[in-house]
Every structure is written in C-alpha cells, then in structure tokens.
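These notes are about the structure you will find just below.
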DNA sequence: GGATTATGTTACCAATTGGTAACTTTTTCA
DNA sequence: TGAAAAAGTTACCAATTGGTAACATAATCC
C-alpha cells in the first residue's frame, strides 16, 4: 500500500527512520571492519553514518542494542537446521558423512565471505568485550537444534563420528579465522582463493582418510 | 659479585629498577587477563602496578615497547626448533608422525596453560589491535626454522603429511583457543581437564586414522 | 662532604569517550 | 491550516585516555 515515497498516502511507514537505521547498521559494519574492536563505539559509528549519536540510543536503545541488531541482521549464528535439512533431504544411498564434511567446508566458506562477522566471532573467543553484551542479548533462541547433532553420541550415535566432527569443525573454523588476516599460513595463501581451496582440499583428504580408516578398521586404529 | 643487596659494593645493578620492571610486566599480564584487549593501556597498567606511568615510557619506551617486552618474557612464539630437536632425538625406529602429533598436542597444552598469552594470540587474528605494533616489533628472529617444516613439501617431502599437519595444527589451535572462554564446546568441557583430554583423545584418534589410511591406501582414499 | 645520576611522583595537557538534555526541523494527520 | 509526533542536530557533561614536563627523593660516585 504505502511504499514510503508518497507522504500522507496511507499509514505511516517511517521510511526515513528505516533508512537511517540501515545507515547506522552499515556504519557499524564499516567501523568494525576498518578500526576493529577497539575503535568501535557510539561516537565512531554515528560519525561514520553521518548522523547524531542520540539516534543510536533512540532507535537501538544504545550500543548493546545496536550490536544485537547488527548480529541478527548479518546472520551471526550458524543454522544447524541447515545441516539437519541437508541430511534429511539427501537421497537414501548418499554418504551422510560426506554431506557433513561439505557442510563444514561450506560453513567455513560462508564465514570467510563475511570477514566482519568473522571478526566479531573471533572477538567472542577473547571473553568479555564491548560486543559481548549485545551478542548475548541477541543469541536468544539460536542454536536450538545444536544438541541433536553433537550431544549423546550425536546424530549418528557413534562416538568416533562425533570425534571426527569436532576435530574437523575446529580445523575449518581455525582456517577461516586465519584466512581474514594471515597472508601466509604454513605456505598457504589462505586469503586468496586458490590457497583457500588448497586448504579445503586438505580438509577433505584428511576427512576421507579418517572415514576410510573407521570403516576399514572397525573404528579402532591403535 | 654484586647481588644488589649491598649498595656501593661493586658495579650498580639497579635492583630497584628490575623489580619495578617486573611489577609492570606482571601488571600488564593482570590487566590483559581481567579487562582484556579493550581495557589495556598505560594508565591501567601503571595503576595496577602501583607506579606512575612515566616509568613505562622511561623503562620500556612506551606502550609498544612494554608489549614487546611482555611477549618475549612470556614466550609468545612457538619454537619450531623444539619439534626439530624432538624429531632428531627420537630413536631410529620411532614413528616420526606420532612424535609430530604429540608435539601439536603439547603445543596446544602449553598455550592452554598460559591463558593470557593465548588471549594475545587470539587478538592477533583480529588484525590490527593495540598489541600489534609491539608484537611485530618483538617478532624479529622468531620462527626462523619454520619453513623447514612446512614449505617445499615439508620435512617429510610428502604433501599428504603436510596436509595432515596443517589440518591438525588448525584443529589443536582452535580447541586451545576455545578452551579459555568456552564452557561447553559441542558437549566437551574444554576448560576442564577431562574435557580437554577427551578432545585431545579425539585429535589423536583422527590423526592415527588418517595416518593408517595414508599407509594402507597409498595416500589415495577417493 | 658535594655533585651526579637513577628512581619515582604530582600535575598538567588536549583529545576523546559514553551519555543526556534541549533544541530545530520535518513529516504526519485531523 | 495548524497541532502533534517523529526525526535529527547542537551543546554540554563528567570521566578517561595517551603523553609530557616539572618536581622530589634516593642512591651512587668522586
């Protein structure tokens, strides 16, 4: 009805507010990307957005609310539902473990595609930062299906598979984190596409080797 | 000759200076541990150490110099020489790959034992932080033997081994990083000893599986 | 002794921080 | 048109930041 371009024609949609809200969110992104954790704050964000900082308090309820809005708007948390859906949608004869491996690699690729989000994720490893309150505030409800995958033996009921999953999860996440800032990681250029693909090839290789050994040796390789 | 406790008996050792220098370094550690990246600075460190901040400038040449001194004093960088020595010192019949796996695990354990150092390492993943100038300043000379291990096919001249090494390096480092702040990682209590040991058991398992597959299948498991 | 140097403290500076109050301008709607 | 609400700005606040100059105290050396 009202697209916001015809003032007075219909219910108020407050198009100017949404626009500045978007500008503020984008400014948060920019400042975090350029100045990092220590440079971010209401002053820097407001200046970057070209608005007065009272708007941040009025629209987002302060800095923490801004962080929370930014996190939700940028898909900060993984959706384990995606993996569950992929597994359910797979054809009967498909290799479930291969789907799992590709999911981990795809997840790392998605993180790599959003360096700023990844930066915020790294900051979570530091413990309490200025982002923490906002992130915990917005985390409510995320990761609801997480336990289905990992706890009580995991989705596959096999401790060996869970171990493999955890180790490869750790590996892919670390590689993604290194890829944002590290030019050379053990000879790999993770920040370039070919270097990244080479790393993911290594992940696939190790994954397959481990799976082969599990199936061949009955899970005991000692 | 002069142990510093007998003023005037011998050349000046300036024991008071070393003591306050140590106090400042310890204060840096404490502030980084409690307040994190964003809380650290000359004011906080000087207050924590119970001295005036001019001493930081006089003794360390400023904040960056303090960071550099702290990093070197706390063994911030891995010594790949340690691994090379371990490999060289191993008995002829020993499994070199197993030594390598245990080295990675030991390295992760050492990082876990110094949470503050680990925190600083994580901050390096964020790119430019307030610690970066000091760390790069002190990095000179470290990692001299690194290329021997990883580049040009690595120490073993086998790309498969290098891939395994890189992936497991990534996994152990990520697990160490998560262990400082994360109470529950996929069902594992990484911040407690049994949870950590369980994770390291998983690392060993996957490592051995991959090695077994490499040896059994000639390196091709597709 | 006296002169010198090392050590440490207090005081100050401009710049910036998070946060709020008061104000002006624009838009909405009867 | 005119009142009311929303949007946005300027101005201010106390607190803190990194950094330096000036000062006081203590130890050392001739």
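Protein chains in written order, with the working numbering: chain S, 167 to 388; chain V, 167 to 388.
Cβ atoms here follow ideal geometry from the backbone N, Cα and C, with glycine treated the same way.
- Shown here, residue 191/S sits in a helix according to DSSP, grouped into three states.
- Contact annotation for residue 368/V against chain S: 329, 332 and 333 [CB-CB distance below 7 Å, chain order].
- Any Cβ of chain V closer than 8 Å to the Cβ of residue 288/S would place that residue at the interface, and such an atom is present.
- Annotation for residue 283/S: 240, 241, 242 and 277 place their beta carbon closer than 8 Å to its own, counting only its chain and skipping 5 residues before and after.
- Contact annotation, residue 300/S with residue 232/S: C-beta distance approximately 7 Å; criterion of less than 8 Å satisfied.
- For residue 354/S, the pairing in a beta bridge is given by DSSP as 351/S.
- Taking residue 368/S as reference, the option from 344/V, 331/V, 304/V and 191/V with the minimal CA-CA separation is 331/V.
- Where residue 228/S is concerned, there is no enclosing alpha helix (DSSP H), because DSSP gives it neither an H nor an E.
- The Cβ-Cβ distance between residue 215/S and residue 201/S does not fall below 8 Å.
- Using a Cβ distance threshold of 8 Å, residue 343/V and residue 288/V count as a contacting pair.
- Residues of the stretch 336-356 of chain S whose Cβ lies closer than 9 Å to any Cβ of chain V, in chain order: 336, 337, 338, 339, 340, 341, 343, 344, 346, 347, 348, 351, 352, 353 and 354.
- The contact set of residue 293/S on chain V, defined by CB atoms closer than 8 Å, consists of 202, 285, 346 and 347 in chain order.
- Contact between residue 286/S and residue 297/S holds, with the beta-carbon distance rounding to 6 Å and staying under 8 Å.
- Annotated three-state conformation of residue 373/V is helix, per DSSP.
- Close to residue 375/V, with beta-carbon spacing below 7 Å, are these residues of chain S in chain order: 375, 376, 379, 380 and 387.
- For residue 216/V, the three-state secondary structure derived from DSSP is coil.
- Per DSSP, the continuous alpha helix (DSSP H) segment holding residue 302/V begins and ends at 298-304.
- For the pair residue 212/S and residue 346/S, the Cα-to-Cα distance works out to about 26 Å.
- Shortest Cα-Cα distance from residue 204/S to any of 294/S, 275/S and 224/S involves 294/S.
- For chain S, the residues of the stretch 200-230 of chain V that bring a beta carbon within less than 8 Å of one of its beta carbons are 202, 203 and 204, in chain order.
- At a cut-off of 8 Å between C-beta atoms, residue 280/S does not count as an interface residue with respect to chain V.
- Taking C-beta separations shorter than 8 Å and ignoring five residues to either side along the sequence, the partners of residue 271/S in its chain run 338, 366, 369 and 370, following chain order.
- The beta-carbon separation of residue 246/S and residue 315/S, rounded to 6 Å, stays under the 8 Å limit for a contact.
- Proximity of chain S to residue 372/V at the Cβ level (cut-off 7 Å) is accounted for by 329, 330, 333 and 376, in chain order.
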